[in-house]
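Protein chains in written order, with my numbering: chain A, 1 to 335; chain B, 1 to 335; chain C, 1 to 335; chain D, 1 to 335. Ideal placement from N, C-alpha and C gives every residue a C-beta, glycine not left out.
Protein chains: 4
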Amino acid sequence: MKNLNVGVVGAGRIGKIHVENIEKIDGVTVKTVADPYAGELKEWFETTKAENLTENHEDILNDEDIDVLFICSPTDTHIPLINAAAEKGMHVFCEKPISFSHEETFETYKLINEKNIKVQIGFNRRFDRSFSKVKNLVEENRLGDVHIVKITSRDPEPPTLDYVERSGGIFFDMTIHDFDMARYLASSDVTEIYAQGGALVNPDIAKHNDIDTAIITLKYENGAHGVIDNSREAVYGYDQRIEVFGSKGNAMVSNETETKVKLFEKDSVSEDNPLHFFLERYMDAFYEEVSDFFTAIKEDKQVSPSFEDGMKAQQLAFAAKKSYETGKPVKIDKL
Amino acid sequence: MKNLNVGVVGAGRIGKIHVENIEKIDGVTVKTVADPYAGELKEWFETTKAENLTENHEDILNDEDIDVLFICSPTDTHIPLINAAAEKGMHVFCEKPISFSHEETFETYKLINEKNIKVQIGFNRRFDRSFSKVKNLVEENRLGDVHIVKITSRDPEPPTLDYVERSGGIFFDMTIHDFDMARYLASSDVTEIYAQGGALVNPDIAKHNDIDTAIITLKYENGAHGVIDNSREAVYGYDQRIEVFGSKGNAMVSNETETKVKLFEKDSVSEDNPLHFFLERYMDAFYEEVSDFFTAIKEDKQVSPSFEDGMKAQQLAFAAKKSYETGKPVKIDKL
Amino acid sequence: MKNLNVGVVGAGRIGKIHVENIEKIDGVTVKTVADPYAGELKEWFETTKAENLTENHEDILNDEDIDVLFICSPTDTHIPLINAAAEKGMHVFCEKPISFSHEETFETYKLINEKNIKVQIGFNRRFDRSFSKVKNLVEENRLGDVHIVKITSRDPEPPTLDYVERSGGIFFDMTIHDFDMARYLASSDVTEIYAQGGALVNPDIAKHNDIDTAIITLKYENGAHGVIDNSREAVYGYDQRIEVFGSKGNAMVSNETETKVKLFEKDSVSEDNPLHFFLERYMDAFYEEVSDFFTAIKEDKQVSPSFEDGMKAQQLAFAAKKSYETGKPVKIDKL
Amino acid sequence: MKNLNVGVVGAGRIGKIHVENIEKIDGVTVKTVADPYAGELKEWFETTKAENLTENHEDILNDEDIDVLFICSPTDTHIPLINAAAEKGMHVFCEKPISFSHEETFETYKLINEKNIKVQIGFNRRFDRSFSKVKNLVEENRLGDVHIVKITSRDPEPPTLDYVERSGGIFFDMTIHDFDMARYLASSDVTEIYAQGGALVNPDIAKHNDIDTAIITLKYENGAHGVIDNSREAVYGYDQRIEVFGSKGNAMVSNETETKVKLFEKDSVSEDNPLHFFLERYMDAFYEEVSDFFTAIKEDKQVSPSFEDGMKAQQLAFAAKKSYETGKPVKIDKL
């Protein structure tokens, strides 16, 4: 089979990880990396096997040798880049969230279907071994009918206020992953959402019209109920737990740690803190999502999580924001 | 100090436990047990050290030797019995919930203050060693400012439909314990509540205007947020977990088991299921609450959880019911 | 059935616990407590329901109303007291070890069989819920053939040198419990033993011809192999773990804790230390062993652990001591 | 720095893993793979980046471009290969055990010192994150003086009788890893050893003069005591646990699992079995040991575990075998 050439737009933290993972996959080559700060990336670029480093993403879009586009740049660039890729017939892997505009996203949805390109969204958590094991338990009916889905998702440290300003708010930036996880675990869409929260970690976040602590409840199409709790600062580490409770059982996922050492001392019995943040926690998942994406391309199968999954998570983020602002539950329209 | 004589009204499951625990306490004697089904209780009564078994609770109220009344009879008898005890100057230990009527409860509240009797409500979970350790961590500021309180409370098996009919509904019968725990753990009152749920365990429960699965979110006066999840049937046992997340840490309580055996076999690694139900899980707590109550009487100290605590939990049950019925969050009035 | 009257010789820590537990059992009464320091025990004695407190154990042996003797006095008094009880036809509950002399013990063994009295030895650990669950797994062949038995038994703090002097040494005083547990868990006798160790906690213990740290290996009649490790000082608490590994599985028992709280903080994730010492750890087991003993008497069944079990544990203590002193494995004679 | 060229002798299970790991390391290239069954390895070889596949290891030894030799062939080839490499000035990474002859090993020890080549032995477990964390706790004196070292090491399935025949016996083939771990964890040499065991998993192993179940106790130069327990068949998976108990604390390492899912069902609460075998369990450690080896070469630092470590582990295997055969403890000579 023909080798796949990849162009990567955006070589920040997540872009770099994707480049490293792509390079581990047989039959795939990173040809070009585009980033406006290319000048500062030279040292890192030397450690890769990529051919070109450029400031201009047009160098990728105009390169007929490139088959696949990775979009790791800021959210406001996603839609234009996907649209351009669709016109060129390139497949796309795009980081979350797709955009901050439902209308734009929907237009792009129609375009990619028309152009028949594959677009996978970077919901890496679906590829976590523990979470996908729980998903399998649900699919195999081992848990019976799903009654309650619980997701705890807390970052170890709050973002800068600058970042908050550009992030689209907690629901678009952080909870978006949990919205996808909530749909994934229950194998059902969400019909209603209610959100409450506050700026408890850093009151200054409120000045940016955002919050850092939230509890969001969900009603599912299949009758189940869900709840997500978020905090921008869990001082003990990245807290990523899920629980799916059904008529036949309950599956719980606890946090990962670096070692399995338990230390018994005079005044305490202690063990490792949870892995610090997403890079450590989802290291394997980041590889798996990229590997799965290329397999789907090579075997011409549906990608998952799809653009539609991204769009639905985004829809929940809009609804959560509205619920938080109005103080009332918000119904989710069918797409 | 003078011996305290106790009369117990209602010798069902919980009434019997209280009799057994009272008999372990120095300086306290169960004098009379009153139950309309006294005839069926003779065998059990023989195993106690109590003097009288009667069908008529008036035999207790009219006995000037009796100092303390335990009310373990159905909810609709609570208010009349507390009122009668107040008139006689008897101290009262009353099972939850106090009543199904906020007005009656409030009238009784005024009466017991006027008559200066002590009334402790049977929120046994406050006396669980693990939960009270978490409460202490909160009080000592070990967790910092409280941001999120989470309570999971699931029964191992659903009640009969007959019981459901008389229970006042899930919020008064089951969640009432969690409402008290929610206030206790956060050391703060609740200002708003939102409830969603359904009859997922047994659809017939819906015909009795009740649900068996619920998620309830809370806003606290101190800015914290809370969430309770309930189910009437967790097939794996009585699921009683709490979590208090604050600016300095997170305290989690997992379930108790009968043994500490872990069994490694070819196809599984397994351990004990959670203790089956409240009798097993809170056996020690049932003793501690009664012991604490008599200590408060002997040393003339405030009882805790107080009648006011019971009234506030009841208020939350009303609000949760209203929220569930209207589909909207409900604000809690200051008492 | 006739009430059983009990005399208790020795009201130290363990004697007091037995009195409290006996008083919880229906149809059994502590009539007399004998202790040379009776004068100092008056305050405690007031809290019991016992009739007499005396300095002279003859007051028990000469009391025809007394049916059962509890021996909680120092080891050198055990044999004379059992012998006297046997002559009177009293049943006996005796603390471990039976004696420091194999010959004396064997003579007494013959006497109690001749006089047909029941003698139970105070190996309380057999009554621990976790350990007896593992025993059941072995008996039900759930673990298959037993291959390896492992026992970890470490005290939280070393005894005084005075106590060491009178204790008979670590094998008689401490490991004796593990020797019984080793036989109990494997349902097999031991045929050979090897012991090594040293005075690592407190070098002064060596001056008393004793050690405080030991590893003892066992060969079983059924082909299995065992290992016990002991320390007189585990700074983190009383460490009582067992493991039985067989052809079909492995059962492990971890330590008990007071609560199920797990605390996540910036620099640690911690939980409760193991329960401090035997009074806390085996509180329930101390009750169960006494309850079982009286049931055996009332129903005229065999007591367990029996005098023979005590004798065999003692035999292993002798062999371990000899192995430690000679540096060689020691074979165990068939009784 | 000059690129390092590597030749690998033996491309069985472990040889293949080393090739894959070497290829991840910057500045190192696998040039030639030699294996008598080269014909069957072509498909695998195609997935590597190596240049040559040969049946003849002389092709490596005679290649002046090759700097480093990996010895992954049967034990009886180790000494001749190390000797040849030493003559050529190649550095060596050699799998365990070094040999079955103490004299030969000692001669080679002198040779490699004379020729000044680095020889690292494949004790991969030292590179496990959990075990090395415990080693660090020991080094930092966090555990105080080491009193007891415990190692549990059980394979998930027994080897074929053919393999047993060639393996040198359990102590050389399996316990050798534990002997190294025992020295590593305690940071002390062993002075005496005692071994007992039997053919409990498969009695036919006895016909090959070997056993499959063993308990080995150790006395350390620093006064500590150790115990290793081995089985060739733990039906529940590869059981790899350690424990280091000291005057200030106890560090325990439990097994690794694939996921962190806990499943609560009606009749059980279960979690993942331990990772199946060494390839899964020590996947990361296999990479780390190779990475460390090349770092030591590039920076001209001492390798660890060294040839001397391998020789000492081998010495313990000899002593364990002798102890098992004679039924007596065996002293270890100073090298």
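Here A:Ser73 is buried. Its C-beta has 16 or more other C-beta atoms within 10 Å. Between the beta-carbon of D:Lys118 and that of D:Ile297 there is about 6 Å, and that keeps the pair under the 8 Å contact cut. Listed in chain order, the positions of the segment 174-197 of chain A with a beta carbon within less than 9 Å of a beta carbon of chain D would be empty, since no residue qualifies. In this structure, B:Leu218 sits near B:Ile193, with a CB-CB distance shorter than 8 Å. Looking at the DSSP output, B:Glu271 bridges to B:Lys262 and D:Val269. Here DSSP, grouped into helix, strand and coil, assigns A:Leu143 to coil.
Its Cα nearest to that of B:Met90, the residue B:Gly7 stands out among B:Lys49, B:Gly144, B:Glu280 and B:Gly7. In summary, B:Glu289 is buried, with 16 or more beta-carbon neighbours lying within 10 Å of its beta-carbon over all protein chains present.
For D:Thr213, the enclosing beta strand (DSSP E) stretches over residues Thr213 to Tyr220. About 6 Å separates the beta carbons of D:Thr105 and D:Gln314, which is inside the 8 Å limit, making them a contact pair. In summary, C:Asp300 is exposed, with fewer than 16 beta-carbon neighbours lying within 10 Å of its beta-carbon over all protein chains present. Under a criterion of Cβ atoms nearer than 7 Å, the residues of chain A adjacent to C:Glu271 are, in order, Val269. Under the three-state reduction of DSSP output, C:Lys248 falls in the coil class, being neither helix nor strand. Look at D:Thr47 here: in three-state DSSP terms it is coil, with no helix or strand label. Along the segment 303-334 of chain C, going in chain order, the ones with a CB nearer than 9 Å to a CB of chain D are Gly327, Lys328 and Pro329.
Contact between the segment 64-71 of chain C and the segment 5-24 of chain C is present: three or more C-beta pairs spanning the two stretches fall below 8 Å. Look at the segment 234-257 of chain D: the residues with a C-beta under 7 Å from a C-beta of chain B are Val235 and Tyr236. Contact holds between the segment 11-25 of chain A and the segment 35-48 of chain A, because three or more Cβ pairs, one in each stretch, are under 8 Å apart. Under the Cβ criterion (8 Å, minimum of three pairs), the segment 276-286 of chain B does not count as touching the segment 266-284 of chain D.
Sixteen is the threshold: when 16 or more other Cβ atoms of the shown chains lie within 10 Å of the Cβ of B:Pro97, as they do, the residue is buried. Our two residues, B:Pro305 and A:Arg129, have alpha carbons roughly 45 Å apart in a direct line. CA-CA distance, B:Ile25 to B:Phe294, rounds to 8 Å. Residue contact with chain D for C:Gly169: absent (no Cβ-Cβ distance below 8 Å to any residue of chain D). Rounded to the nearest angstrom, the Cβ distance from A:Ala186 to B:Asn250 is 25 Å, too far for a contact under 8 Å. DSSP places C:Glu243 within a strand segment (E or B) once states are collapsed to three. Residue-level contact by beta carbon fails for A:Gly27 and chain B, as no gap is shorter than 8 Å. Under the DSSP assignment, C:Ala38 falls outside any alpha helix (DSSP H); it carries neither an H nor an E label. Listed along chain C are Tyr194, Gln196, Ile215, Thr217 and Val227, each with a C-beta nearer than 8 Å to that of D:Thr217. For C:Asp300, there is no enclosing beta strand (DSSP E), as DSSP marks it with neither H nor E. Taking a Cβ-Cβ cut-off of 9 Å, the neighbours of D:Asp145 in chain C comprise Leu200, given in sequence order.
Out of D:Glu107, D:Glu103 and D:Thr75, the CA that lies nearest to the CA of D:Ala86 is found in D:Glu107. Bridge partners of D:Glu192 according to DSSP: D:Lys219 and D:Lys331. With respect to B:Tyr238, D:Glu265 sits apart: the two C-beta atoms are not nearer than 8 Å. Chain-order list of chain A residues neighbouring C:Phe286: empty, with the shortest C-beta distance near 25 Å, by a criterion of under 9 Å. Under the DSSP assignment, A:Thr105 falls in the alpha helix (DSSP H) whose first and last residues are His102 to Lys115. Residue-level contact by beta carbon fails for A:Phe277 and chain C, as no gap is shorter than 8 Å.
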